[in-house]
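Chemist: Sharing a structure with you now.
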Amino acid sequence: MELPTGLTPELAPLYWLLGDWEGQGRLGSGEEGDQLFGQRVSFRDSGLEFVEYRAESWLADDDGAWLRPLSVETGFWALDRPRTDSDVGPG
Numbered sequence: 001m002e003l004p005t006g007l008t009p010e011l012a013p014l015y016w017l018l019g020d021w022e023g024q025g026r027l028g029s030g031e032e033g034d035q036l037f038g039q040r041v042s043f044r045d046s047g048l049e050f051v052e053y054r055a056e057s058w059l060a061d062d063d064g065a066w067l068r069p070l071s072v073e074t075g076f077w078a079l080d081r082p083r084t085d086s087d088v089g090p091g
């Protein structure tokens with residue numbers, strides 16, 4: 001993997017997450033009859049010192065087709081680091 005051109009240096013440790021991730025699983029203990037679900041998580045370079053993310057999950061039928069939403073979450077990821085004299089802004 002190569003670092004994307006123009007990536008904010010603080011995001012270098014998180015660059016491998018950038019893009020879309022999707023998978024399926026079963027709710028419950030894995031027994032037959034448990035409900036199938038899907039999940040997609042997207043990570044985007046904000047151009048700043050954080051990554052934007054969106055995660056959504058949904059119930060699916062036995063063929064994997066979408067039935068109804070379960071959850072949606074959006075937010076930001078940043079590395080926790082000590083502030084230095086060169087950092088600007090409050091805090």
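Just so it is clear: in the sequence shown, position 34 is 34 by the UniProt record's numbering, and no numbers are missing. Every residue, glycine too, gets a C-beta built ideally from N, C-alpha and C. The model shown is predicted, which means the values in this text are computed figures rather than measured ones.
If T8 sits next to G47, beta carbons under 8 Å apart, how far is it from one beta carbon to the other, in whole angstroms?
Modeler: With a Cβ gap of about 7 Å, T8 and G47 count as contacting.
Chemist: Locate the beta strand (DSSP E) running through A55, then write down its first and last residues.
Modeler: Counting along the chain, the beta strand (DSSP E) containing A55 begins and ends at 51-60.
Chemist: For D61, which of V51, Q35, W77, R40 has the nearest alpha-carbon?
Modeler: Ranking the options by Cα distance to D61, first place goes to Q35.
Chemist: Which residues does DSSP list as the beta-bridge partners of S71?
Modeler: S57.
Chemist: Would you kindly report the start and end of the unbroken beta strand (DSSP E) that includes E22?
Modeler: 19-26 is the span of the beta strand (DSSP E), which, as asked, contains E22.
Chemist: Please identify the residue among A12, A65, G38 whose C-alpha is closest to the C-alpha of W58.
Modeler: Of A12, A65, G38, the residue nearest in Cα terms is G38.
Chemist: Secondary structure at L14, three-state DSSP: helix, strand or coil?
Modeler: The answer is helix: DSSP assigns L14 an H, G or I state.
Chemist: Taking the straight line between their C-alpha atoms, what separation do you get for F50 and P82?
Modeler: Distance between the alpha carbons of F50 and P82: 15 Å.
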